[in-house]
Structures are given as structure tokens and as C-alpha cells.
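Data first, discussion second: the structure below is written as C-alpha cells.
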Amino acid sequence: MRTSWADSVSNSAAENVTAAATNNGPASSASSRPSRSSYVPPHLRNRPPSAEPLAPTPKENLASTNRSAYPGPPPSQPRWGSREPARPGSGPSRGGWGNRTGGWDRGREREVNPFENDEPAEEAFGEQENTGINFDAYEDIPVETSGDNVPPPVNTFAEIDLGDALNENIRRCKYVKPTPVQRHAIPISLGGRDLMACAQTGSGKTAAFCFPIISGIMKGQYAQRPRGARTVYPLALILSPTRELSCQIHDEAKKFSYQTGVRVVVAYGGAPINQQLRELERGVDILVATPGRLVDLLERARVSLQMVKYLALDEADRMLDMGFEPQIRKIVEQMDMPPRGMRQTMLFSATFPKEIQRLASDFLSNYIFLAVGRVGSSTDLIVQRVEYVLESDKRSHLMDLLHAQRANGTHGKQALTLVFVETKKGADSLEHWLCMNGFPATTIHGDRSQQEREQALRSFKSGTTPILVATDVAARGLDIPHVAHVVNFDLPNDIDDYVHRIGRTGRAGKMGLATAFFNDNNASLARSLSELMQEANQEVPSWLARYAARSSYGGGGGRNRRTGGGRFGGRDFRRDGPSRGGSDYYGGGGGGNSSGMGGGYGPSSGYGGGGYGSGVTSAWD
DNA sequence: TAGACCT
1 MRTSWADSVS
11 NSAAENVTAA
21 ATNNGPASSA
31 SSRPSRSSYV
41 PPHLRNRPPS
51 AEPLAPTPKE
61 NLASTNRSAY
71 PGPPPSQPRW
81 GSREPARPGS
91 GPSRGGWGNR
101 TGGWDRGRER
111 EVNPFENDEP
121 AEEAFGEQEN
131 TGINFDAYED
141 IPVETSGDNV
151 PPPVNTFAEI
161 DLGDALNENI
171 RRCKYVKPTP
181 VQRHAIPISL
191 GGRDLMACAQ
201 TGSGKTAAFC
211 FPIISGIMKG
221 QYAQRPRGAR
231 TVYPLALILS
241 PTRELSCQIH
251 DEAKKFSYQT
261 GVRVVVAYGG
271 APINQQLREL
281 ERGVDILVAT
291 PGRLVDLLER
301 ARVSLQMVKY
311 LALDEADRML
321 DMGFEPQIRK
331 IVEQMDMPPR
341 GMRQTMLFSA
351 TFPKEIQRLA
361 SDFLSNYIFL
371 AVGRVGSSTD
381 LIVQRVEYVL
391 ESDKRSHLMD
401 LLHAQRANGT
411 HGKQALTLVF
421 VETKKGADSL
431 EHWLCMNGFP
441 ATTIHGDRSQ
451 QEREQALRSF
461 KSGTTPILVA
471 TDVAARGLDI
481 PHVAHVVNFD
491 LPNDIDDYVH
501 RIGRTGRAGK
511 MGLATAFFND
521 NNASLARSLS
531 ELMQEANQEV
541 PSWLARYAAR
551 SSYGGGGGRN
561 RRTGGGRFGG
571 RDFRRDGPSR
581 GGSDYYGGGG
591 GGNSSGMGGG
601 YGPSSGYGGG
611 GYGSGVTSAW
621 D
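First residue of the first sequence? That's 1 in UniProt numbering, and the numbers climb one at a time after it.
Listed below in C-alpha cells is the structure:
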């Protein structure tokens with residue numbers, strides 16, 4: 001019996017090893033298998049023993065390579081279309097749930113039901129929700145679109161023809177209706193348009209780019225993919241900046257593509273490449289990857305991008321920031337990926353600095369810009385506090401916070417607290433100190449092994465170590481439910497990173513608290529932080545306002561000012577030109593405009609009389 | 001700058 005996610009993971013990992021030892025196929029393949037690492041990557045865990053791949057025979061290998069992921073009818077007609085899976089004898093209630101005859105297992109291994117391990121460890125928190133999304137909170141969110149001929153948004157999934165299989169998965173995910181980013185982004189993507197979308201993670205953006213991709217692959221009449229020796233040819237590529245985020249996207253994409261015949265594979269570093277190669281050889285339609293491992297696979301010619309029809313960059317502004325940009329350019333521009341215009345490109349992030357938008361436009365063709373407001377508002381969901389704390393006082397100050405929190409916590413349990421620090425060494429050091437002082441903590445950063453990173457995340461999510469000390473590796477995209485408190489022990493240098501960090505709490509309609517330790521070392525952040533807090537109706541300490549005023553003549557904080565007037569980049573840089581006056585959509589206090597935005601079709605529709613004024617609050621507000 | 005990103 002499953003007691004927790006962590007248990008089920010370790011149990012099934014053990015089962016898999018056992019199964020591999022006892023359930024061998026041909027003796028030859030068993031004896032020739034390389035000794036397997038005890039490390040089972042997350043995307044391969046929780047498989048029933050029967051699904052554990054034994055090394056394919058050379059014949060199988062050839063077959064799987066050639067057919068790639070397609071067992072279906074010949075590509076002369078739409079392979080899936082709206083084909084209703086055969087459901088002999090299935091009742092109306094669960095609609096063929098668990099049915100294996102729906103065209104799925106012809107010559108293939110069973111597809112693991114990605115829904116059966118849902119709701120991991122939720123009981124520990126006494127929560128009921130499954131999706132983590134409070135849809136009622138999504139009603140009144142400002143949305144902006146710009147670009148030529150923006151397709152109108154939809155209000156229900158039923159309005160979009162995503163196909164039966166995908167609709168069934170939407171139902172299984174308990175998605176009742178599309179979130180704002182989905183309402184707008186899905187029609188845009190289904191319309192074949194490139195997209196740059198500003199939307200907070202947790203607002204349903206993974207589904208927003210996955211649904212059109214899966215639907216497109218199902219309906220597409222793609223020519224037979226080339227038969228390279230051991231090269232695979234994915235139709236879609238989804239890139240993200242961290243391994244954990246790629247795993248998370250992969251997990252979600254597996255749910256969305258369940259029983260659609262669309263195969264999703266993830267590739268990332270720090271895990272044995274052989275297992276990933278085997279997964280790829282079994283066929284891949286959608287490849288989710290981190291850049292480094294993908295470059296490796298491309299250079300080994302194990303993956304070719306020449307059939308890519310869909311490219312999605314998650315946390316796109318990070319992906320195009322200095323450290324990543326060369327790798328991304330290599331992947332997108334210097335390998336064999338079809339050029340923009342020949343593929344469909346979707347960029348998503350919660351923040352989109354103007355200069356990054358400019359870089360990103362290299363990858364896009366006549367794109368639509370979409371900015372979606374955050375669920376609720378920062379004011380409602382995240383209380384931001386800034387405290388002046390000298391470097392030498394930070395630890396004891398953190399201790400005070402944690403003590404107070406424990407005292408106030410329910411059942412005397414420590415609420416989940418995510419502590420961001422600047423360096424990997426600093427993370428280890430703080431973790432050690434916390435543990436020594438009676439606070440169960442763990443840490444996640446790039447110097448830890450992948451196993452350690454994943455273990456840390458599990459241990460944090462389950463509440464075993466309710467304090468997680470992290471570098472920015474955990475700042476973006478990770479959906480960790482129940483984080484009550486984000487502490488910026490060391491503030492980042494970039495206000496956008498601050499935005500992403502505090503976005504780890506207050507998720508899914510829940511309240512969150514974000515506390516920052518500020519001192520003279522952070523002076524360059526003072527102005528943007530102060531402005532951000534003001535825009536979010538947070539109380540700005542007078543001392544911080546003084547810091548902000550002082551730094552204002554010093555160039556405005558350099559990089560921190562890059563987002564210009566729209567604090568979170570919720571504005572299309574193409575609209576920046578000679579000053580634009582007029583009213584803006586987000587301010588104005590009326591709110592009457594809030595939900596119908598972007599409903600227009602024509603160029604520049606949705607801009608009303610004047611587009612965004614400066615000082616407009618953003619998509620994130 | 002350190003942080004992320006193949007070995």
C-alpha cells in the first residue's frame with residue numbers, strides 16, 4: 001500500500017529492479033545487459049513491473065526506431081483525428097478507463113497510467129484539491145494580446161476541437177474550464193501562430209502549450225519520419241532551464257497525452273544517458289529536455305530536430321539570458337531544426353524583459369504577444385515583507401522567523417519554508433547550521449547529485465524536511481504545493497528573479513508570505529523592489545523608500561530597470577515607440593474591462609485608445 | 001557574480 005509519494009517511489013524502484021532480475025526475456029538479452037545503476041530517474045519510476053523495459057533485441061530495436069512512435073494507420077490519412085477508441089462493453093461512467101483496446105497497445109508495451117499516483121502525500125496536508133488550481137480565482141484576470149489577427153479566446157474546452165482522447169485526459173485532470181492563459185494561448189497555437197506569452201507558472205501554462213502540440217501531432221499528417229540508424233526525430237521540442245522543471249513538464253505532458261498515441265520522452269543531465277537513449281529509441285513525438293543534455297544528444301546524432309514542428313521554451317527569458325543563450329541558439333539556429341516560419345514557436349515566462357523579447361523575436365515569425373495577469377493579485381495572495389538585516393544577523397533572524405512560524409503553525413508542524421540563498425556553498429552551510437539548531441532542513445543546488453536534488457525535493461514536499469535551502473535552481477517554474485513562506489535570505493540581483501522566487505508561494509489561490517533580508521549589499525535592488533511592492537500594494541518600509549530614492553539617480557539599478565515601465569514585462573516590446581498615452585487596462589481601478597480583453601481580432605485590437613501607459617502594472621499584478 | 005545548463 002502506498003503511504004506517501006516518497007514511499008511509492010522507493011517501493012516501485014525496488015520492484016522494478018526485482019522485476020528486471022526475475023522477468024527477463026531472451027537469455028541473451030538478459031545476460032548482455034549492462035549492469036544497471038541503482039538510480040531510477042523520476043520519469044521512469046512507478047512503472048509496473050511489466051512495463052520495465054528490458055534491453056530491446058536488435059530486431060525490436062530496428063522496428064521501434066523506424067516506426068518511431070507510430071503504430072497507427074498509415075499516414076495517408078489523419079492517424080487519430082477524432083477517432084473514437086473502440087470501447088467494447090465499456091459503460092458510460094468511466095468512459096473506457098483502463099481500456100487497452102483503444103488502438104494503444106498494438107505491438108507496444110502498456111502505457112503506464114499517469115493518473116494513478118496522483119495526489120501524492122496530499123493527506124498530510126488535509127487538502128482535497130487535485131489540480132492545484134482554483135478556477136474560481138481565474139475569473140477576473142486582465143489579459144492583453146497584440147499582434148496581427150489575434151484569434152479570439154475560448155471560454156470552454158468544448159469550444160476547441162482537441163479530440164476525444166485529449167478531452168478525456170482533460171477530464172481526468174479535473175480541469176473544468178480553461179484558465180485565462182489557456183483560453184487565449186490555445187486558440188492562438190491551434191491557429192498555427194507563433195506566440196510569446198507572459199504568464200505565471202501555476203496558471204496552467206504547461207497545458208497551454210501541451211494541448212495544441214498534442215492535438216496538432218494527433219491531427220497532423222506528417223510524412224514518415226526518416227529512418228536514421230539510431231537517430232530519432234521528435235515532432236515537438238520543449239526546453240526548460242532546469243532538470244526538475246523538465247521532469248515536471250514531462251509528468252504533466254504524459255497525463256495530457258495518455259492514450260493518445262503521442263509519446264513524450266524527457267532528457268536531462270545528471271541521470272544515466274543510456275536509459276534516456278532507450279526511451280528515445282522506443283519512439284518520441286514530444287521531447288522535453290534541458291539544453292545541455294539535448295546538445296549532447298544532437299552531437300551524438302541520436303536526436304535530429306529536422307522534423308520539429310513545434311518548439312516551446314518554458315521560462316523563455318531565462319533560456320535567452322546570458323548563460324543559456326548560446327546553447328539555445330545552437331539548438332534552434334545551428335543544428336537541423338526547421339527555421340522560424342517552418343515550425344511553430346511558443347515562448348512562455350512569467351517575466352519578459354524587453355531586451356530578452358528582442359532576442360526572442362529572432363526565433364519567432366509574425367508572433368502574437370500575450371500577457372495574462374496573475375491569479376488573484378500579489379496583494380491578495382502574497383504578503384511581501386522586507387526587513388533590514390545585516391549579513392552577520394541573517395542566521396539568527398531566520399531562526400526567529402522559523403521559531404515564530406512553528407509556534408503559529410498548525411499541529412505544531414513546521415510550515416514549508418523555502419529559503420533562497422545566493423551561492424551553492426552558502427546553501428550547504430545554512431542547511432548544516434539549521435540542522436544543527438534543530439530545524440530539519442535540506443538543500444537543492446547544482447553541486448548536488450541529481451539523486452540528492454530529487455531526494456531533497458521529495459523530502460521537502462512531504463514535510464519530512466519542511467525547510468528547503470535553495471539556489472535559483474528552484475526559483476522558476478517548480479510547482480511545490482503548500483509552500484507557506486519564501487525567505488529571500490540573500491536577495492537576488494535581478495528583480496525578475498525575485499518575482500519568480502516569491503512565486504513559489506501563494507500558489508493556486510492560497511495565501512503566501514515572502515520575507516526578504518535586505519542590507520547595503522542589495523542597494524542596487526532597492527528601487528525596483530520598492531516599485532514592485534508599491535505596485536502590488538505592499539507596505540514599503542520608509543527606509544527602503546530612502547534607499548530607492550538614493551539609487552534613483554544612479555542609473556535606476558541597471559539591469560533591474562530593464563523591464564521598463566511595465567514591471568513584469570507584461571507588455572509587447574514591439575509596442576514601445578514614441579510615447580504612448582492613454583489609459584491602461586490594468587490600472588484605472590475600474591476592473592470592468594478585465595475579462596474580455598484580447599477578444600478583438602484586428603491588428604492592435606485590445607489596445608483601446610492608447611495602449612499601455614508607462615507605469616502600467618503588469619501581467620503579473 | 002553566481003547560478004543554471006551535456007560528460
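Heads up, the beta-carbon is just placed ideally off N, CA and C, and yes, glycines get one too.
Small disclaimer: the values here were computed from a predicted structure and weren't measured.
Per DSSP, what kind of secondary structure is residue i in: helix, strand or coil?
i           : result
residue 200 : coil
residue 547 : helix
residue 505 : coil
residue 185 : helix
residue 488 : strand
residue 359 : helix
residue 349 : strand
residue 115 : coil
residue 365 : coil
residue 230 : coil
residue 287 : strand
residue 45  : coil
residue 629 : As shown, the chain starts at 1 and ends at 621. That puts residue 629 outside it, with no answer to give.
residue 391 : helix
residue 468 : strand
residue 302 : coil
Looking at the secondary structure, which residues open and close the alpha helix (DSSP H) in which residue i lies?
i           : result
residue 273 : 273-281
residue 498 : 495-502
residue 209 : 205-219
residue 528 : 526-535
residue 371 : Element bounds for residue 371: not the alpha helix (DSSP H) but the beta strand (DSSP E), 368-372.
residue 460 : 450-461
residue 328 : 325-329
residue 236 : Counting along the chain, residue 236 falls outside any alpha helix (DSSP H), though it belongs to the beta strand (DSSP E) covering 236-239.
residue 246 : 243-256
residue 622 : One cannot answer for residue 622 here, as it falls past the ends of the chain, which runs 1 to 621.
residue 316 : 316-319
Quick check on residue i: buried or exposed, where buried means 16 or more other Cβ atoms within 10 Å of its Cβ?
i           : result
residue 455 : buried
residue 391 : exposed
residue 283 : buried
residue 199 : buried
residue 334 : exposed
residue 317 : buried
residue 436 : exposed
residue 507 : buried
residue 445 : buried
residue 546 : exposed
residue 231 : buried
residue 326 : exposed
residue 253 : buried
residue 300 : exposed
residue 322 : exposed
Can you find the residues in the same chain that come closer than 8 Å, C-beta to C-beta, to residue i, ignoring five residues on each side of it along the sequence?
i           : result
residue 543 : 388
residue 451 : 39
residue 497 : 472, 475
residue 302 : 230, 231, 232, 277, 280
For the beta strand (DSSP E) holding residue i, just list the boundary residues, first then last.
i           : result
residue 295 : No beta strand (DSSP E) holds residue 295; the alpha helix (DSSP H) holding it covers 291-299.
residue 387 : 382-388
residue 396 : Residue 396 -> not in any beta strand (DSSP E); alpha helix (DSSP H) instead, spanning 394-408.
residue 518 : 512-518
residue 144 : 143-146
residue 310 : 310-313
residue 265 : 264-267
Using a Cβ-Cβ cut-off of 6 Å (strictly less than) and excluding sequence neighbours within five positions of residue i, which residues of its own chain qualify?
i           : result
residue 483 : 416, 418, 504, 505
residue 339 : none
residue 193 : 368
residue 490 : 421, 422
Indicate, with yes or no, if the ligand MN has a heavy atom lying under 8 Å from the CB of residue i.
i           : result
residue 393 : This structure does not include the ligand MN; it has no bound ligands of any sort.
Closer than 7 Å by C-beta to residue i: which residues in its own chain qualify, once you throw out the five before and the five after it? Chain order, please.
i           : result
residue 592 : Bear in mind that a pLDDT of 29 at residue 592, under 50, signals an unreliable position, so the number given afterwards is only what the model happens to contain. Once the five neighbours on either side are set aside, residue 592 has no close Cβ partner at all.
residue 319 : 239, 241, 313, 328
residue 249 : 206, 238, 240, 288, 314
**Asked** Considering only residues of the stretch 411-450, which uninterrupted beta strand (DSSP E) runs meet the minimum length of 3 residues and lie entirely inside it, listed in chain order?
**Response** 416-420, 441-444
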